[in-house]
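Asker: Could you have a look at this structure, given as structure tokens, before my questions?
Numbering (my numbering), first residue to last: 42 to 148.
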């Protein structure tokens with residue numbers, strides 16, 4: 042996400058021609074509003090991009106706090122998106138949480 046932020050904010054591209062083209066294509070799906078990075082969705086509102094340190098808090102609040110119920114990994118991922126948050130490994134974290142809940146331990 043930092044590379045997309047740098048490109049949108051400062052216009053810096055990788056030196057490799059192919060990587061620069063990929064960066065321009067990927068960054069078209071993002072926007073910076075009031076110094077916060079958002080991902081544009083086709084049928085969703087702007088999703089706020091969160092950092093790795095904020096991911097655990099968002100999952101905890103949706104899983105135990107605000108929603109006050111325990112949901113499965115797919116349901117949590119959907120609720121995170123509906124709440125307006127996004128991070129690149131959202132689907133991957135859902136799989137990790139499912140395995141960790143099945144093993145009865147949290148990572």
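Where a beta carbon is used, it is the ideal one built from N, C-alpha and C, also for glycine.
1) What separation, rounded to the nearest whole angstrom, lies between the Cα atoms of residue 78 and residue 123?
2) Answer yes or no: do residue 125 and residue 87 have a C-beta to C-beta separation smaller than 9 Å?
3) If you compare alpha carbons, which of 121, 68, 54, 83 is closest to residue 97?
4) Output needed for residue 71: all residues of its chain with C-beta closer than 8 Å, excluding positions within five of it in sequence on either side, in chain order.
5) Under a three-way DSSP split, which group does residue 50 fall into?
6) Grab the span of the beta strand (DSSP E) containing residue 72 for me, first residue to last.
7) Could you tell me the alpha carbon to alpha carbon distance between residue 56 and residue 42, rounded to whole angstroms?
Answerer: Taking the geometry as given:
1) 17 Å
2) yes
3) Ranking the options by Cα distance to residue 97, first place goes to 121.
4) The beta carbon of residue 71 lies closer than 8 Å to those of 45, 49, 78, 79, 80, 81, 90 in the same chain, with the five residues before and after it left out.
5) In the structure shown, residue 50 falls within a helical segment according to DSSP collapsed to helix, strand and coil.
6) Residue 72 -> beta strand (DSSP E) spans 71-74.
7) Taking the straight line joining both Cα atoms gives about 18 Å.
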